[in-house]
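Below is one structure, written out as structure tokens; comments come after it.
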Amino acid sequence: MLSLVRSLWEVFRHAFARRVTVQYPDEKPYLAPRYRGRIVLSRDPDGGERCVACNLCAVACPVDCISLQATEDEHGRRYPEFFRINFSRCIFCGFCEEACPTYAIQLTPDFEMGEYKRKNLVYEKEDLMISGPGKYPGYNFWRVAGVAIGGKTKGEAERETPPVDIHSLMP
Amino acid sequence: MRQYIFPLIVIAVVLGVALNLAAGLIWVERRLLALWQDRYGPNRVGPFGLGQVVADSLKLFTKEDWVPPFADKPVFIIAPAIVVATALLSFAVIPFSPGFVVADLNIGILYLLAMSSLGVYSVVLAGWASNNKYSLLGGIRASAQMLSYEVFLGLSLLGVVMLTGSFRITDIVEAQRKMWFVVPQFLGFVLFLIAGVAETRRLPFDLAEAENELIAGFHSEYSGMKFGMFFVGEYIGVTLISATIALLFFGGWLGPWLPAPLWFAAKTMFFICLFILFRAALPRPRFDQLMSWGWKVMLPLALVNLLVTGAVVLARR
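First to last, the protein sequences are chains A and B.
If you want this note's numbering, it's the 1-based position in the first sequence plus 69.
If you want this note's numbering, it's the 1-based position in the second sequence plus 340.
Dropping the structure here:
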């Protein structure tokens, strides 16, 4: 009986405690920099697409919400012809970001993606593409990769020595 | 002419206050529960979320009036009306201030107890008519709970009646000019408070409803305004028991400075808040605990209270 009175008192004291509710639309919650929200496709520092359409993100995706078609431009650079993420399936696990070899696909701290029509949750490439480099400002995959593309041959990448001439005897 | 118009005004005011208060209490309860659980509760619609009441009632009114095909239709429809009707009828003997009462019966307390006991028919019939085992269990629990708690609900009030020598509620209030009855009848007050919570079937004694074991018990098949009637009936019941406590134990409208109806309203509101605090703080007992507590602890205590009060009244005569 006394314990009941005590619990009544303890609960009553909560009238003067701080309320824990975050009044969301008026008061935005703090989202950590690594919060896994809306997925974006980022660009090189010089503005080119980072995505090389390797399909690793689509393979890593546990719910198969990413679909893309690879193609090549006139310089031999691979890029996705289309890139589509179905956000009504996406579980925001971030595996695609981990799988990406070029830091192209990134998750951002934004979750306000509500739509009235389910179809509008399918984001096309132009919806996903952002204008900047996202979390990796200085990184340019084509600048550091030892792949020859138009305007850059083997050995011209950063910190890359020219290839060894295998037909020469000189060291 | 005047003798017809004044009672009509009184009836209109009593009905209006009781029904609007019942609707408003939904908001009060949600806000208070939230306060004690460190939340905000409904605070979006209108100032302090007061518009939530309007929004909720509009929603209830526009819902489909659905009767399950397996239900006993006439009983299913009548059941929710009974709880509201009996609770509102009980308000006939509740005086808001001296002279402001629908019917100042000389058996006021008996009438009050009779009416509030009739309310259990609503729950039992609803549980029966729903043709659903959980609802039926809820109805059976409600009747068993009523049987065991009704006994000392009445007995706990008899101390007050003995001290006053009248069943008329206005007489009882006037008899508290020197001292509120909560002082000589403290045990009676505690017993009545507990029995009152059981009578309104509110937490911690909401075993008829028990959403986590009986999935809302007697009203699991109800929706729309029929469900709303149970809700309104429950809140009118809470108001009624709170008003009764204020009248019989805390001097009703008596008090300095403020006008009489304000005192009465303030005291009633205090007990309504206490009811909500009970809901916020106390866990629900098991059913056998509830029954054995009622018969083995509360009833003997009420009888002892009665005996002692009787002896004191006799000795002082």
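Note that the Cβ used here is the ideal one computed from N, Cα and C, for glycine as well.
Bear in mind that the values here come from a model prediction, so they are computed numbers and not experimental data.
Would you mind giving the Cβ-Cβ distance between residue i and residue j, rounded to the nearest angstrom? I have them listed as a contact below 8 Å.
i: residue 199 of chain A; j: residue 110 of chain A; result: 7 Å
i: residue 515 of chain B; j: residue 497 of chain B; result: That belief does not hold up - the Cβ atoms of residue 515 of chain B and residue 497 of chain B are roughly 14 Å apart, past 8 Å.
i: residue 579 of chain B; j: residue 361 of chain B; result: 6 Å
i: residue 591 of chain B; j: residue 513 of chain B; result: 7 Å
i: residue 536 of chain B; j: residue 427 of chain B; result: The Cβ separation is near 13 Å, so there is no contact.
i: residue 533 of chain B; j: residue 585 of chain B; result: 6 Å
i: residue 546 of chain B; j: residue 624 of chain B; result: 7 Å
i: residue 87 of chain A; j: residue 180 of chain A; result: In fact, because the Cβ distance is near 25 Å, the residues do not count as touching under 8 Å.
i: residue 527 of chain B; j: residue 493 of chain B; result: No, residue 527 of chain B and residue 493 of chain B are not in contact; Cβ-Cβ is about 14 Å, not under 8 Å.
i: residue 129 of chain A; j: residue 164 of chain A; result: 4 Å
i: residue 420 of chain B; j: residue 363 of chain B; result: With a Cβ gap of about 16 Å, residue 420 of chain B and residue 363 of chain B do not count as contacting.
So what's residue i in DSSP terms, helix, strand or just coil?
i: residue 609 of chain B; result: helix
i: residue 148 of chain A; result: strand
i: residue 451 of chain B; result: helix
i: residue 446 of chain B; result: coil
i: residue 471 of chain B; result: coil
i: residue 167 of chain A; result: helix
i: residue 237 of chain A; result: coil
i: residue 404 of chain B; result: coil
i: residue 158 of chain A; result: coil
i: residue 563 of chain B; result: coil
i: residue 119 of chain A; result: coil
i: residue 153 of chain A; result: strand
i: residue 218 of chain A; result: strand
i: residue 558 of chain B; result: helix
i: residue 440 of chain B; result: strand
i: residue 113 of chain A; result: coil
i: residue 392 of chain B; result: helix
i: residue 598 of chain B; result: coil
i: residue 590 of chain B; result: coil
On the DSSP letters alone, give me the boundaries of the beta strand (DSSP E) that residue i sits inside.
i: residue 110 of chain A; result: 108-110
i: residue 622 of chain B; result: Where residue 622 of chain B is concerned, there is no enclosing beta strand (DSSP E), given that its DSSP letter is neither H nor E.
i: residue 137 of chain A; result: 135-141
i: residue 176 of chain A; result: 174-176
Which residues bound the alpha helix (DSSP H) around residue i?
i: residue 73 of chain A; result: 71-82
i: residue 344 of chain B; result: 342-376
i: residue 639 of chain B; result: 639-656
i: residue 423 of chain B; result: 413-430
i: residue 628 of chain B; result: 627-633
i: residue 125 of chain A; result: 125-129
Secondary structure, alpha helix (DSSP H): runs of 4+ residues fully inside the stretch 494-554 of chain B: The qualifying runs are 509-514, 526-539, 551-554.
Taking any Cβ of chain A, which residues in the stretch 481-503 of chain B have a Cβ under 9 Å from it, in chain order? Listed by position, the residues of the stretch 481-503 of chain B near chain A (Cβ gap below 9 Å) amount to none.
So if I threshold CB-CB distances at 9 Å, which residues from the stretch 191-222 of chain A count as touching chain B? The residues in question: there are none.
Return the residues of the stretch 610-633 of chain B that lie within a Cβ-Cβ distance of less than 8 Å from chain A, sorted by chain order. Listed by position along the chain: 617, 618, 620, 621, 622.
In chain order, what are the residue ranges of uninterrupted alpha helix (DSSP H) at least 4 long that sit wholly in the stretch 190-216 of chain A? 194-197, 210-213, all fully within the stretch 190-216 of chain A.
Within 8 Å of chain B by C-beta, residues of the stretch 71-85 of chain A in sequence order: Per Cβ criterion, the list reads 73, 76, 77, 79, 80, 81, 83, 84.
Taking any Cβ of chain B, which residues in the stretch 89-108 of chain A have a Cβ under 8 Å from it, in chain order? Those would be 89, 90, 92, in chain order.
Could you list the residues in the stretch 418-431 of chain B with a C-beta less than 7 Å from some C-beta on chain A, going in chain order? The residues in question: there are none.
Interface positions of the stretch 356-380 of chain B facing chain A (Cβ-Cβ less than 9 Å), listed along the chain: Of all residues in the stretch 356-380 of chain B, 372, 374, 375, 376, 377, 378, 379, 380 have a Cβ within less than 9 Å of some Cβ in chain A.
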